[in-house]
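S.K.:
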Amino acid sequence: MPIPTPHISAKKEDIAKTVLMPGDPLRAKFIAETFLENPVLVNNVRGVQGHTGTWKGVPVTVMASGMGIPAIGIYSWELYNFYDVDNIIRIGSAGAMRDDLKLMDIVAGQGACTDSNFAHQFELNGTFAPIADYTLLSNAVEAAKEKGIDMKVGNILSSDNFYSPANCDDSTKWRDMGVMAVEMEAAGLYMNAARAGKRALCICTISDHLYRSEALSSEQRQLSLTQMIEIALDTAVKMAKLG
């Protein structure tokens with residue numbers, strides 16, 4: 036496919052090898068303007084902002100994915116396959132399932148369960164298990180430890196549904212299988228990375244709890260996720276050092 040693509044207007048050289056991918060375009064703008072040196076807007080098709088700058092001297096792109104697996108499926112596919120991106124780190128929010136998790140805790144999805152049919156397109160004769168890239172994950176864990184942060188690592192759920200009709204929510208069954216938290220994008224990202232032979236990781240900040248009346252405001256979600264963002268940025272630096 037020629038560049039620009041239908042969804043990304045950037046030139047190939049405008050996109051860094053590591054892309055941080057929040058869902059919200061406003062969060063992408065906030066991250067770029069707050070953390071990156073000399074950020075440049077490289078994409079704004081459909082308002083899905085992408086900015087490229089540097090963090091500790093390393094080029095990094097921050098680009099929104101939109102909400103849900105179909106959306107991140109489009110952007111990650113184009114970034115991996117047409118823009119030669121090596122690493123995508125989803126940074127977002129998640130709803131806690133486990134009792135030991137609290138607001139603002141940071142979790143990393145070692146695996147991403149899903150109720151989505153996204154894997155059907157790959158025509159696999161079985162059930163695919165979407166997992167994070169170990170190198171990205173291990174470097175993120177190291178980056179968190181360097182900041183004194185106990186980042187929880189385990190299974191998350193990528194759900195197609197934000198709302199469920201009464202008596203149709205089966206989250207307790209996922210919790211009974213040890214799933215930490217629920218979000219809406221990681222499994223699709225992990226599948227696209229696997230198909231492209233690239234790397235992916237999802238890091239989320241706990242924004243609410245499914246079994247307790249606790250939640251961050253939308254403004255808090257956008258502005259107060261600094262620790263998660265810095266872990267992802269420092270992971271990009273570590274990946275650059277690996278060559």
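Be aware that the sequence shown starts at 36, since it is given in the working numbering, and climbs by one per residue.
Note that beta-carbon positions come from the ideal geometry of N, C-alpha and C, so glycine has one too.
Taking the continuous alpha helix (DSSP H) assigned at T40, which residues delimit it?
M.R.: T40 -> no alpha helix (DSSP H), and no H or E assigned at all.
S.K.: What are the residues that DSSP puts in a beta bridge with N190?
M.R.: G146
S.K.: Taking C-beta to C-beta, are A143 and L236 nearer than 8 Å?
M.R.: yes
S.K.: In or out: E181 buried (at least 16 other Cβ within 10 Å) or exposed?
M.R.: Residue burial is scored here from C-beta neighbours: E181 has fewer than 16 other C-beta atoms within 10 angstroms and is therefore classed as exposed.
S.K.: Taking all protein chains shown into account, do 16 or more other C-beta atoms lie within 10 angstroms of the C-beta of L55, making it buried, or fewer, making it exposed?
M.R.: buried
S.K.: Can you tell me whether H155 is buried or exposed, with buried defined as 16 or more other CB within 10 angstroms of its CB?
M.R.: Around the beta carbon of H155, fewer than 16 other beta carbons lie within 10 angstroms, which makes this residue exposed.
S.K.: With respect to the beta strand (DSSP E) encompassing D243, which residues constitute its N-terminal and C-terminal limits?
M.R.: R234 to H244
S.K.: Name the two residues that bound the continuous alpha helix (DSSP H) containing E177.
M.R.: Y169 to E181
S.K.: Between R81, T87, P60 and G82, which has its C-alpha nearest F73's C-alpha?
M.R.: With the sequence shown as reference, residue 73 is identified as Asn, and Phe is not the correct amino acid for it. Checked all of R81, T87, P60 and G82; the closest Cα to N73 is T87.
S.K.: Kindly indicate which residue of A106, M102 and G127 has the alpha-carbon position closest to the one of L251.
M.R.: G127
S.K.: Closest to G92 by CA distance: which of A179, F70 and K46 is it?
M.R.: F70
S.K.: When the Cα atoms are used, what is the spatial distance from E249 to I123?
M.R.: 29 Å
S.K.: Is it true that the CB of V272 sits closer than 8 Å to the CB of W90?
M.R.: Cβ distance < 8 Å, so W90 and V272 count as in contact.
S.K.: Can you give me the C-alpha to C-alpha distance between P39 and H244, rounded to a whole angstrom?
M.R.: 40 Å
S.K.: Is the CB of A99 under 8 Å away from at least one CB in chain C?
M.R.: No chain C appears in this structure, which consists of one protein chain only.
S.K.: Using a threshold of 8 Å, state whether the C-beta atoms of D135 and D195 are closer than that.
M.R.: Not a contact, by the Cβ cut-off of 8 Å.
S.K.: Classify V77 as buried or exposed, calling it buried when 16 or more other Cβ atoms lie within 10 Å of its own Cβ.
M.R.: Residue burial annotation: V77 is buried, with at least 16 other C-beta atoms found within 10 angstroms of its C-beta.
S.K.: Give the DSSP-derived three-state secondary structure of T162 in the structure shown.
M.R.: If DSSP states are grouped into helix, strand and coil, T162 belongs with coil.
S.K.: Using the beta-carbon count (16 or more within 10 Å), is T270 buried or exposed?
M.R.: buried
S.K.: The alpha helix (DSSP H) with L61 in it runs from where to where?
M.R.: P60 to F70
S.K.: How would you label L159, buried or exposed, when you count the other beta carbons within 10 angstroms and need 16 or more for buried?
M.R.: By the 16-neighbour rule on beta-carbons within 10 angstroms, L159 is exposed.
S.K.: Can you name, in chain order, every residue of its own chain whose Cβ lies under 7 Å from the Cβ of A106, other than the five neighbours on each side?
M.R.: S100
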